[in-house]
Structure formats: structure tokens, C-alpha cells
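Chemist: Mind looking over this structure? Questions follow.
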Amino acid sequence: MNEILITEDNIKPYLKTKKFGHKIFAFGCVGSTNEFACNLAGQDYKEGTIVIAEEQIRGKGRKNRTWNSQFGKGLWFSIILKPDGKTNHAGLYSFLAGVSVAKAVEKLFGIKPVVKWPNDLLINEKKFCGILSEVNFADNQIHFIVLGIGINVFHRLKDFPEILQQSATSLSIVTTKRINRSKLLAEILYHFEKNYTNIKNNGFEPVISNWKKRCPYIGKRISVIQDNHVQNGMFEDLADDGSLLMRKNGQGLIKIVAGDLI
Ligand code: BTN
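Numbered according to this note's numbering, the sequence shown spans residues 296 to 557.
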């Protein structure tokens, strides 16, 4: 084992937030923290409640992919949000999660991760963090959002399945600093809460411009895979709802709502 387990008691001393992380469900093993958090959110658990686990046996990634969530290796957690509002901005909360994780990693380890649309975080061009946002709504009104964040922390290269070894990394691969996952979680929640409060007062613009500053692909030629179809063009900008705006030769600007940037 690399360090002490993640428990509510171990996290609390590091918390600097007013609301986020004050109610924590910490498990040794769970199906998926997102699944568990969606259930809690439907049962009136408050905004800011966190579900975290040492291991997930049904860890979910985007597009129904499996998220590799081995025991003790990562920070696998979900945040319950209950924002007032319409669904047209619901997709932007994952950008908020992305910039908050990036800021926390920068503060604690002095490393500047880059963001990759829609919501991956990379160091040395390899992914160490993925974000899965699940939105529950009716009549265009958000009931709750569960933001699931998966961070590879203690993996050595051999811990990743062979197919991921070229494209994945972990914090302990990229830093020699000692890593305390409870402290990292508390730092992420601190930046998250700060940005979240700021959204209520100033809208999403500051988060989006922060995200764009961290994204080296804007203004560059990119390819996006959508199902089995590849779109090539220039990454011009983000649309108001977080979609990717691509400039294609001869076709003007197209909006890509979902896909994988390669
Ligand atoms: C992706 O990049 O595809 C998103 C990965 C999200 C993984 C996290 S781990 C905690 C939370 N619970 C899950 O089942 N998934 C998210």
C-alpha cells in the first residue's frame, strides 16, 4: 500500500471549503462512485456531497467505456451538484472540474497539466485524469449533476493494461514529490468551490477562458473521431455549450458536440 487509506477522517483535516466535501461517503470498494452519487442525489443529499472509493468494479468512462480503477492506485470520486438552471449550460461543469484539477496539481506538484477537449487532463501528452459528467433533468431544468473525476495517482507504467501504456500516465510517474491523496482531494475541492461560486456571480466566462489558456490545441489542426467517422480541421474555439468549433476547408465552421480529439 502506498499510503493511508482515503477516509472521511483523513480528508477532513485538509479541507478548506465551506460546503464541498463536508459530507463524504468513502468506500473500500464500490461499483461506481458516479452510480452511487446519482442515487444519493436523487434522495435529496445536498450539493457538495462527495463519494469516493479505493476501488471501483464498474468504473465508468465516457461513451460507456470502462474506467480502470484499481484498489489504492487513484483518486476515484464524484461530486454532487445542484445548480439552479437550464440544461443548456450543464455540459460546462466538466470544464470547471478540469480547470480545478489542473490548478490543484499545479499548486501541489509544480506541474502544469494541459486540457484536451472535451475533458481530459494530460501531462507530457499522456492522460492522467478523466471526467464523466452525468446530468439528471426534466423540462429543460437541471435536477442534479454528478461529476465523476478519475485521477491516476500511484500507477507505475506496468500497472496500466498494455493497451493504455502508450497513452496513460499517473502523478507518481511525473513527480518525485510525495503524494497525499487526501490533501490532493481537498485542494481540488477548494479550487472547485471557488470557481463554482464565481460562476454563480460571473457566469462561465472566467472558467472557459481559463480552460482555453490551458488548451494547446486551439488554433491547431486536429482530428476528431465521432463514432467511426473522422473530422479534420482547425480547432477554432469552444461554443457556448462547450462543443468544439472546427473550421473545415471549404465548409466553414462546424460544431462538434461529442467525440474524441486525436
Ligand atoms: C473518461 O475520461 O472517460 C471519464 C472517466 C471518469 C472516471 C471517474 S472515476 C470516478 C467516477 N466514477 C466512475 O464510474 N467514473 C468516474
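Where is the CB? At the ideal position from N, CA and C, for every residue including glycine.
The structure displayed is predicted, hence computed values, not measured ones.
Verify the contact flag: I458, CB atom, against every heavy atom of the ligand ZN, threshold strictly below 7 Å.
Modeler: Absence of the ligand ZN is noted for the structure shown, with the ligand BTN being the only ligands found.
Chemist: For a quick check, are the C-beta atoms of V441 and S389 less than 8 Å apart?
Modeler: Their beta carbons are not under 8 Å apart, which means V441 does not touch S389 by this criterion.
Chemist: Might you give, ordered along the chain, the residues of its own chain that have their beta carbon closer than 6 Å to the beta carbon of K407, omitting 5 neighbours on each side?
Modeler: Excluding sequence neighbours, K407 sits near E401.
Chemist: Starting from the Cα of R476, find the closest Cα among I347, Y491, I426 and give me that residue.
Modeler: Answer by Cα proximity: I347.
Chemist: If the criterion is Cβ atoms closer than 8 Å, does the pair I520 and G554 meet it?
Modeler: Yes, the Cβ-Cβ distance between I520 and G554 is below 8 Å.
Chemist: Tell me whether the stretch 376-384 and the stretch 445-459 touch, counting them as touching only if at least three CB pairs, one residue from each stretch, are closer than 8 Å.
Modeler: These segments do not touch.
Chemist: Assign A433 to one of two classes, buried (16 or more other C-beta atoms within 10 Å of its C-beta) or exposed (fewer than that).
Modeler: Looking at its Cβ environment, which holds fewer than 16 other Cβ atoms inside 10 Å, A433 is exposed.
Chemist: Run the CB neighbour count on G354, radius 10 Å, all protein chains shown included, and call it buried at 16 or more, exposed below.
Modeler: When all chains shown are included, G354 counts as buried.
Chemist: Run the proximity test for G356: is its beta-carbon closer than 7 Å to any non-hydrogen atom belonging to the ligand BTN?
Modeler: Correct: G356 has its Cβ closer than 7 Å to the ligand BTN.
Chemist: Can you tell me whether DSSP reads N431 as helix, strand or coil?
Modeler: Of the three classes helix, strand and coil, the one that applies to N431 here is strand, per DSSP.
Chemist: Please state whether DSSP places H317 in a helix, a strand or coil.
Modeler: Coil, per DSSP.
Chemist: Only counting runs of 3 or more residues, tell me where the beta strand (DSSP E) segments fall wholly within the stretch 499-531, in order along the chain.
Modeler: Taking only runs of at least 3 residues, the beta strand (DSSP E) segments lying wholly in the stretch 499-531 are 516-521.
Chemist: Looking only at DSSP bridge pairs, what is A463 linked to?
Modeler: K422.
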